[in-house]
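Participant: Handing you a structure now.
Number of protein chains: 2
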Amino acid sequence: MVNLRTHDAICTPETGTERKPDVCTVREVLDRVGGKWSIGIIVEAGKGPVRFTELERKVEGISRRMLTLTLRNLERDGLLVRTVYPTVPPRVEYQATPMALELYDSLITLTTWADRHTGDITAARIRYDEEHAAVTA
Amino acid sequence: MVNLRTHDAICTPETGTERKPDVCTVREVLDRVGGKWSIGIIVEAGKGPVRFTELERKVEGISRRMLTLTLRNLERDGLLVRTVYPTVPPRVEYQATPMALELYDSLITLTTWADRHTGDITAARIRYDEEHAAVTA
DNA sequence: CCGGATCCCTACGGATACTG
DNA sequence: CAGTATCCGTAGGGATCCGG
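One line per chain: the protein sequences are A and B, in this order. With UniProt numbering applied, the first sequence corresponds to residues 1 to 137, in that order. With UniProt numbering applied, the second sequence corresponds to residues 1 to 137, in that order.
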């Protein structure tokens, strides 16, 4: 077993809903936070309350659909707080929870690792590809 | 821009091959390491040299295909070293590079975070789902 | 024992159009 | 402004069979 199961108690599929709340493995945590846009959103929302349209511009390249979906998931997981102001032009603000900020901190560790080793990785890739191309040629 | 670009110099698509070595964003690092099986493999390979079939059993649930693919990718990125012993029954061993071990260390940070907050996340989910079910009902 | 090759299915994610 | 709904392409990944 290598699933890095962090918490068994969390595996409670006893909710009658169709949504399955299994966040048992590190993988599933990474899935959540590793979503294509999650990090970007968490970072922006971590700076302070931010509006939907703001995010749409800040998180460059994101589609309306994915912004909404990611926002919902992060909110559901308690990483984001959604505040609706029932004004005439609707106003909705999102902000990161302390938990999300903590998460961001630990993501920094990964960023740092990436920073230190991107060069190594590219080098390794080029070498690997060259060696492999030699076989093909 | 929120892509958390860590290193611009690495974005060198000047390789003539069809494979694109762009590892510019944290996302792409997470993609690599966040693959469904990468972590499990890195962990096992980090303990010391391990054989193909061993991995197949240790990394519970993995298919032959994905084991091979993930192994190749990790090797290509310089995270794993593949050693072939030309014996009569083929013998291949994989082991994590120092770089991969470092990565594993930083993954621990994420694991720790997950450990601290899985409870919170599940709670948040249940609450969210309940509140949302109320709307549907 | 260690894979490669093939088929196929599904989830993620983009584009677009429509609402309160 | 802040979404929702729909269509559709792609890529990840499982199952299976074949080969050195």
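Built from N, CA and C at the ideal position, the CB exists for glycine as well.
Using a Cβ cut-off of 8 Å, pull out every chain B residue sitting near residue 106 of chain A, in sequence order please.
Facilitator: Simply 109, 110, 112, 113.
Participant: Could you check where the beta strand (DSSP E) with residue 153 of chain B kicks off and where it finishes?
Facilitator: A question about residue 153 of chain B goes unanswered here, because the residues of chain B that appear run from 1 up to 137.
Participant: Do we get a CB-CB distance below 8 Å when we pair residue 121 of chain B with the residues of chain A?
Facilitator: Chain A contact via Cβ: present.
Participant: Name, please, each residue of chain B whose Cβ falls closer than 7 Å to the Cβ of residue 103 of chain A.
Facilitator: Residues of chain B passing the Cβ test: 113.
Participant: Going by the CB atoms, is the gap between residue 29 of chain A and residue 110 of chain B shorter than 8 Å?
Facilitator: Yes. Within cutoff.
Participant: Quick one: what's residue 128 of chain A bridged to in DSSP?
Facilitator: According to DSSP, residue 128 of chain A bridges with nothing at all.
Participant: Quick check: the Cα distance between residue 74 of chain B and residue 61 of chain A, rounded to an integer number of angstroms?
Facilitator: Taking the straight line joining both Cα atoms gives about 28 Å.
Participant: Just to confirm, is the Cβ distance from residue 114 of chain A to residue 42 of chain A under 8 Å?
Facilitator: No, they are not a contact pair.
Participant: Hey, does residue 125 of chain B have any beta-carbon neighbour from chain A nearer than 8 Å?
Facilitator: Chain A, which has a Cβ nearer than 8 Å to the Cβ of residue 125 of chain B, makes this yes.
Participant: For chain B, check one thing: does any of its Cβ atoms lie closer than 8 Å to the Cβ of residue 128 of chain A?
Facilitator: Output row for residue 128 of chain A: interface = yes.
Participant: At a CB-CB cut-off below 8 Å, which residues of chain B make contact with residue 76 of chain A?
Facilitator: In chain order: 124, 125, 128, 129.
Participant: Classify residue 76 of chain B: buried if its beta carbon has 16 or more other beta carbons within 10 angstroms, exposed otherwise.
Facilitator: Buried, since its Cβ has 16 or more Cβ neighbours within 10 Å.
Participant: With a cut-off of 8 Å, does the C-beta of residue 66 of chain B fall near any C-beta of chain A?
Facilitator: Output row for residue 66 of chain B: interface = no.
Participant: Assuming residue 71 of chain A is part of the alpha helix (DSSP H), what are its boundary residues?
Facilitator: Its alpha helix (DSSP H) spans residues 64–76.
Participant: With a threshold of 8 Å on Cβ separation, who are the neighbours of residue 49 of chain A within its own chain once the five nearest residues in sequence on each side are excluded?
Facilitator: Contacts found: 83, 93, 94, 95.
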